[in-house]
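FYI, the UniProt record's numbering numbers position 54 of the sequence shown as 54, with every residue one higher than the one before it.
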Amino acid sequence: SLITVKNFIGGQKEEKTDSINVNYGRDFKCEILADIALAKEGYLSESGKKLVEKRGIEVGNTFQLGYHYSKLMKNATFVDKDGKEKLYYMGCYGIGIGRTMATIVEKYHDDKGIIWPESVAPYQVHLIGLDLKEKSIKLKVYQVYQELIKKNIEVLFDDREEVTAGEKFADADLIGIPIRLVVSKRTDNQVEFKKRTDKKTELLALDDIIGRL
């Protein structure tokens with residue numbers, strides 16, 4: 001340790017100059033002395049409890065600036081309850097939107113794609129239209145879309161005509177919106193309802209679906 005080492009070489013304040021035969025106590029003193037090691041799971045803490053190692057992701061940070069900048073700024077002061085003028089204690093606090101999104105995706109996903117929690121999903125519903133070259137089906141899916149919008153439901157609408165049903169379903173799983181709705185020949189006057197977290201599908205009336213959202 002630093003205390004037990006004798007006659008070591010140390011840096012000086014002068015450039016390109018080192019000191020030799022430096023000894024703690026005689027030539028310098030430290031404000032803090034500590035045994036420092038890379039912490040590992042199972043090590044004992046100061047309280048006597050074992051350290052537990054867990055993975056984490058930094059989605060936000062804080063920087064305590066103290067009075068450094070308020071001392072340099074003009075009028076960066078306030079009057080306290082006793083009428084005394086004091087400097088502001090400053091800090092920076094931030095949340096990374098991109099990091100937050102990446103964290104959610106890392107935690108909520110499967111082998112097909114993202115599974116957005118409803119509380120943070122970019123849309124409530126992913127509406128898919130199939131067989132859109134038939135005018136009656138195309139009209140039906142647009143009616144469903146307009147009705148959802150009227151009810152203030154946020155909709156991601158897939159009305160691509162040159163894409164297969166399989167591709168649309170794969171994209172829906174990849175994007176991961178909580179609810180998938182499908183309008184096609186097979187759904188007749190109903191709408192296919194599926195949760196991203198479930199395998200089963202249901203044929204329901206649109207009013208019943210809106211009641212669930």
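Glycine included, each C-beta is placed from N, C-alpha and C at the ideal position. Computed from a prediction, not measured in an experiment: that's the story for all the values here.
Which residue from W116, T77, I9 puts its Cα closest to that of T197?
W116
Does the Cβ of Q143 lie closer than 7 Å to at least one heavy atom of the ligand NAP?
The ligand NAP is absent from the structure shown, which contains no ligand whatsoever.
Taking DSSP's pairing of strands, which residues face H126 in a bridge?
L156, R180
Spatial neighbours of A39 within its chain, please: CB distance less than 7 Å, with the 5 preceding and 5 following residues excluded, ordered by chain position.
Answer for A39: L51, listed in chain order.
Under 8 Å between C-beta atoms of D171 and K112:
no
Within this structure, are the beta carbons of S45 and L130 separated by less than 8 Å?
no
Would you list, in sequence order, the uninterrupted beta strand (DSSP E) runs of no fewer than 3 residues that lie entirely inside the region 2-43?
8-11, 18-22
Buried or exposed: Y69, going by 16 or more other Cβ atoms within 10 Å of its Cβ?
exposed
Quick check: the Cα distance between L87 and Y67, rounded to an integer number of angstroms?
7 Å
Alpha-carbon spacing of Y108 relative to A102, whole angstroms
10 Å
Quick check: the Cα distance between I209 and F193, rounded to an integer number of angstroms?
7 Å
DSSP puts Q60 in a beta bridge; with which residues?
Per the sequence presented here, residue 60 reads as Gly, with Gln not at that position. Beta-bridge pairing links G60 to I95.
Just to confirm my understanding: we take I3, look at its own chain, exclude 5 residues before and 5 after, and list those with CB closer than 6 Å. What are they?
Hits under 6 Å: Y24.
When burial is assigned at 16 or more other CB atoms within 10 Å of the CB, is G176 buried or exposed?
buried
Can you check DSSP and say which residues form a bridge with H109?
I114
Using the DSSP secondary-structure output, state which residues sit across from G66 in a beta bridge.
M90
CB-CB under 7 Å to E85, same chain, minus the five flanking residues each way: which ones, in chain order?
T77, V79
Starting from K49, follow its DSSP beta bridges and name the residues at the other end.
When DSSP reads this structure, K49 sits in no beta bridge, so it has no partner.
Proximity below 8 Å, CB of E161 to CB of K133:
Taking 8 Å as the Cβ cut-off, E161 and K133 qualify as a contacting pair.
Taking the C-alpha atoms as reference points, what is the distance between Y145 and K151?
Each residue's alpha carbon lies about 10 Å from the other.
Among I128, F63, Y123, I104, which one has its Cα closest to the Cα of T164?
I128
For M90, the nearest candidate out of K29, Y142, L65 (CA to CA):
L65
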